[in-house]
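**Student:** Can you read through this structure? Questions will come right after.
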Amino acid sequence: MNRHSIYEPENAKILNIREQTEKEKLFEIELESGEPLDHDPGQFVELSIAGVGEAPISITSSPTKEGASFELCVRAVGNVTNALHNLKINDEVGIRGPFGTGFDVEEFKGRDVLFIGGGLGLAPLRSLINYVIDRRDEFGKTAILYGCREPCEILYEDELDQWDEMTNMDLHQTVDRCPEGVCWEGNIGVITTLIPHVDFDPDTTIAAVCGPPIMYRFVMEELKNRNLPDEQVFLSLERRMKCGVGKCGHCQIDGLYTCQEGPVFNYADVKDVEEAL
Ligand SMILES: Cc1cc2nc3c(=O)[nH]c(=O)nc-3n(C[C@H](O)[C@H](O)[C@H](O)COP(=O)(O)OP(=O)(O)OC[C@H]3O[C@@H](n4cnc5c(N)ncnc54)[C@H](O)[C@@H]3O)c2cc1C
Ligand code: FES
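Structure follows, in structure tokens:
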């Protein structure tokens with residue numbers, strides 16, 4: 001948690017902007033204080049733009065990244081995110097956080113790790129992936145399954161290539177469809193079609209899953225078919241949020257405050273919660 005009031009945004013500067021796709025940009029941001037965010041993978045910040053508003057955004061960089069800056073991968077969908085996409089390097093934004101419960105990295109230590117990311121779900125997952133890569137000795141085998149709708153929506157293309165070349169890392173990619181004339185040599189089909197092809201031992205593996213809500217039920221069915229126990233699956237549930245700190249109730253699912261108890265939950269804890277998945 002940073003040193004500021006949880007209600008008052010701290011000024012921060014945009015250090016760099018990288019276009020990822022037509023809709024997503026990667027923003028490198030640093031707090032005015034020059035201090036690192038000090039976050040856990042899977043946590044989020046509330047990003048504000050003066051005169052426009054505030055939106056929760058996952059921190060996509062790993063806490064192990066060098067320097068004090070952090071990264072947010074943002075899809076332009078509404079007021080705040082479109083306004084952010086119109087900003088330039090050196091412009092200012094407001095940051096509250098980091099907030100929420102992220103991935104408990106201690107639970108992952110010593111295990112093989114299976115990352116399953118759908119669409120923009122790769123943004124929070126990338127923080128954990130790079131954490132594991134930066135502390136390679138503390139984890140076992142790793143596999144990444146990543147799927148998006150079309151090749152033009154692929155995020156972090158350069159990084160996916162780097163991950164693919166790493167030893168001890170098994171990367172599988174898929175797209176739901178490939179328009180005629182577009183070059184794509186990978187799998188075509190929804191992300192669950194990758195699960196039967198990945199080699200993992202259910203006794204030693206822990207899975208981190210992030211993606212659109214529709215994805216979870218089908219992914220969980222496939223993981224069950226592979227005998228992965230519910231307790232060994234962590235997933236990120238995103239709900240409409242406002243305050244981000246457990247005060248307004250906007251993010252509640254059957255009494256669970258996703259902004260505080262989540263967004264990352266153990267599947268065993270939420271599988272019977274109505275509306276959670
Ligand atoms: C924990 C968490 C992490 C997130 N991480 C990311 C991230 O890393 N990157 C990212 O790009 N996004 C992320 N999001 C999603 C992002 O916060 C939302 O898309 C947010 O609404 C964007 O704010 P906005 O002002 O730009 O859009 P808004 O103006 O809020 O509009 C967003 C979309 O929602 C619709 N909408 C607006 N209000 C409502 C309503 N009351 N009911 C139904 N639909 C409505 C709009 O029509 C529009 O399509 C995250 C959300 C959460 C909760
Ligand atoms: S967002 Fe306000 S209580 Fe969770």
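Each step along the sequence shown adds one to the number in our numbering, with nothing skipped, and position 126 is 126. From the three backbone atoms N, C-alpha and C, an ideal C-beta is built for every residue, glycine too.
#1: Between Thr174 and Asp112, is the Cβ-Cβ spacing less than 7 Å?
#2: Report yes if the CB atom of Glu30 is closer than 7 Å to the CB atom of Ala68, and no otherwise.
#3: Just to check, is the beta-carbon of Tyr257 closer than 6 Å to a non-hydrogen atom of ligand 2?
#4: Looking at C-alpha atoms only, which residue of Asp164, Gly189, Glu185 and Ser33 is the closest neighbour of Arg96?
#5: Please list the terminal residues of the continuous beta strand (DSSP E) segment that includes Gln173.
#6: My output table needs one value for Ala268: the three-state DSSP class, helix, strand or coil.
#7: For the beta strand (DSSP E) containing Gly209, name the first residue and the last one.
#8: Between which two residues does the alpha helix (DSSP H) holding Thr81 run?
#9: Return yes when at least one heavy atom of ligand 1 lies under 6 Å from the C-beta of Gly78, else no.
#10: Who pairs with Arg75 in a beta bridge, going by DSSP?
#11: Would you mind stating whether Pro124 and Gly42 have Cβ atoms separated by less than 7 Å?
**Tutor:** Reading it off the structure:
#1: no
#2: yes
#3: yes
#4: Ser33
#5: Met169 to Val175
#6: helix
#7: Note that residue 209 is Val in the sequence shown here, rather than Gly. Segment Thr205 to Cys210, the beta strand (DSSP E) holding Val209.
#8: Asn79 to His85
#9: yes
#10: Glu24
#11: yes
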